Every structure is written in structure tokens, then in C-alpha cells.
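A.B. asks:
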């Protein structure tokens, strides 16, 4: 038995032609987070602390779809969500519908540790964040120009998109395969 | 969606996932990330964080299914993760997982998944596509 960690920055239709300016910042963040998490585990930090530490770092990277850089709803807003879980105890915490909390994963951990509940959402989650004194930011902090453009294109195509379905400059947006008529994926 | 799973030197497992959801999602939509057992799950055997199409991940209870195959069918982590991902619609799911024994799985049926892993014995991997 030994320590181990794995992390992801999202999955989807990532084109192999992804230009270096889109690819390299993400790979650099993965490298930085891997080093951060490995060092923490090597120093004897608990797994729960390490996953929170790494996800906070990923949330702060505007190139990934979480925290700063979150994609936009049809209304042009951000609604962030996060979850944390500890294996040995099955303790867990989750949040949804956040628009001002800088690091949703840390609020999820507070739900786990400070409440008798598992899941807080929207106004209740935001109120809990204020009570706990976690860092908040103006909602505009989380919105990037790239994601404004992605929403514009998704609306034009009348599509709901998962991570990395954005078009490259000068190219048409890649299309998901048509969904079956009884599949409500497109409406969420 | 971003996520991290870890097992520490004492064998404690944990997982965390965070997301902004889908581009152009309806306001008020909840995805798989905060739904315990769908996009995120950990028990005494493994820790899992998933990414992809939330509705598919919820329908297939992806994260809990990986743990359940280990718990009830005695599968090793990699087999369990591969089986669960293979059972979901193509192009819909990716996940990272670690077991209590320090085994790592990074499985996806999408074109790519930004991912990385490291283990105590010095193995490291960073990737996007299936090579």
C-alpha cells in the first residue's frame, strides 16, 4: 500500500488539433496540481485535505470548467457545484447553484463538517457561505470572455455542450450526435 | 469539470469534484457532480470522480457502480472502472479513481480527458487523448 492520486480537468470532444495556446496552460495546471498533491501526500497530509487542496487549485484556473472559468447558463450566469466525500466514514458534502463562492469545494467540505446535512443548494448554500465566512467574489469574477463566446455559439446552434466542445477559431462548432427523441440530455 | 481522488499513506480514501456544469444549461439544472454516487463517491475500497454528460452519469450511477463492482463482485479497480465506462453512452463519461491499495484508473469513452496521476512508487502520467 502507498499513496496515490489522480485528477481530471474534464472530458469531452477534445480535438487532437487543439492548438498549443489552449493545450499548454491546461497541461501546465495539471502538472502543477499533480506536484502539489504529490508533495502533500509525501508530507503525510490526509487524503481529504489533498483532494480539497488540488481541486481548489483547479477551480482557480480559468482554463477549466469550475470556479473561475465556469461555463454559463442559458441566462449568462454561473451556477457552480461541488462535492467532497471521505471513504472511511462515508461522510460527504455537496453544494449547487453557487454564484459568488470562490471555491465551491471548500464550501462542500463545510457542509460535510459543520452541518447535519449532505447537500445545500442555491440561496441556502449562498447563505451558509456567508455564515461560514468563506471567500466570495462578484459573479463577474467567474465569467471569462471565452465562455461568453461559447454561450453565444451554443445558443446560435441551440445546443447544450459538455466540456471541450467549443469550436476552434474559424471553425464550425463540433456537433454532438443527435440524441434520441426520448433523451432529455439537451434540456438538462 | 475538475476532480481529484487520493489515497494517503494510511490508506484513507477521498474524492472531490467541482464544476460549472454545461454550456447553455437551464438555470437551476443540477448535474452529476453534487449527486453523491453519480459523479462523486468514495468508500473504504475506492474513491471516484467523474466528468462528462451529467445526465448520463446520473442515470448510470457511475461512481457508485465502480465501488459496487469492487464490493460485490470482487473486481479490481481498473476492471470495474472500465466496465462502468463501457456501459455508458459513447462520448459521455470519463472518470479518475484510486483504490485503497494505491491502484489508479483513468478511464473515458470521450475523445479525450485532461488527466494526471502519480503514485508513491514514482509512476506519473499526464495526458489528454487515448494514445
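Protein chains in written order, with our numbering: chain A, 379 to 566; chain B, 5 to 135.
Think of the CB as a built atom: it goes at the ideal place given N, C-alpha and C, for glycine as much as any other residue.
These numbers come from a predicted model, not from an experiment.
If contact means a Cβ-Cβ distance below 8 Å, which residues of the segment 392–407 of chain A contact chain B?
C.D. replies: Within the segment 392–407 of chain A, the residues whose Cβ lies closer than 8 Å to some Cβ of chain B are 392, 393, 394, 396, 401, 404, 405, listed in chain order.
A.B. asks: Under the assumption that residue 43(B) contacts residue 449(A) (Cβ atoms under 8 Å), give the Cβ distance between them as a whole number of angstroms.
C.D. replies: That pair is no contact at about 16 Å.
A.B. asks: Tell me the residue span of the beta strand (DSSP E) that contains residue 112(B).
C.D. replies: 108–112
A.B. asks: Can you give me the Cβ contacts of residue 407(A) inside the same chain, cut-off strictly under 8 Å, excluding the 5 residues immediately before and after it?
C.D. replies: Excluding sequence neighbours, residue 407(A) sits near 387, 435, 436, 439, 441, 442.
A.B. asks: Anything in chain B within Cβ reach of residue 528(A), meaning under 7 Å, just list it in chain order.
C.D. replies: 27
A.B. asks: Taking a cut of 7 Å between CB atoms, which residues from the segment 510–541 of chain A lie near chain B?
C.D. replies: 528, 529, 532, 533, 537, 538, 539, 540, 541
A.B. asks: How about the segment 392–406 of chain A and the segment 532–540 of chain A: do they share at least three Cβ pairs that are nearer than 8 Å?
C.D. replies: Result no; under three Cβ-Cβ pairs closer than 8 Å.
A.B. asks: Check the C-beta distance from residue 123(B) over to residue 108(B) and give it rounded, since I have them as a contact under 8 Å.
C.D. replies: 6 Å
A.B. asks: By the three-class DSSP mapping on this structure, what secondary structure does residue 518(A) have?
C.D. replies: helix
A.B. asks: Look at the alpha carbon of residue 105(B) and the alpha carbon of residue 15(B), and state the distance between them as a whole number of angstroms.
C.D. replies: 7 Å
A.B. asks: Please compile the residues from chain A whose C-beta is within a distance smaller than 8 Å of the C-beta of residue 9(B).
C.D. replies: Residues of chain A whose Cβ lies closer than 8 Å to the Cβ of residue 9(B) are, in chain order, 383, 384, 385, 429.
A.B. asks: Between residue 564(A) and residue 393(A), what straight-line distance do the alpha-carbon atoms span, to the nearest angstrom?
C.D. replies: With a pLDDT of only 34 at residue 564(A), under 50, the local geometry of the prediction cannot be trusted, and the value read off the model is given with reservation. The straight-line gap from Cα to Cα measures roughly 21 Å.
A.B. asks: Using the Cβ count rule (16 or more neighbours within 10 Å means buried), how would you classify residue 17(B)?
C.D. replies: buried
A.B. asks: Answer yes or no: do residue 458(A) and residue 431(A) have a C-beta to C-beta separation smaller than 9 Å?
C.D. replies: no
A.B. asks: Does the segment 509–527 of chain A come close enough to the segment 470–489 of chain A to have 3 or more Cβ pairs within less than 8 Å?
C.D. replies: With three or more CB-CB distances shorter than 8 Å, the segment 509–527 of chain A counts as touching the segment 470–489 of chain A.
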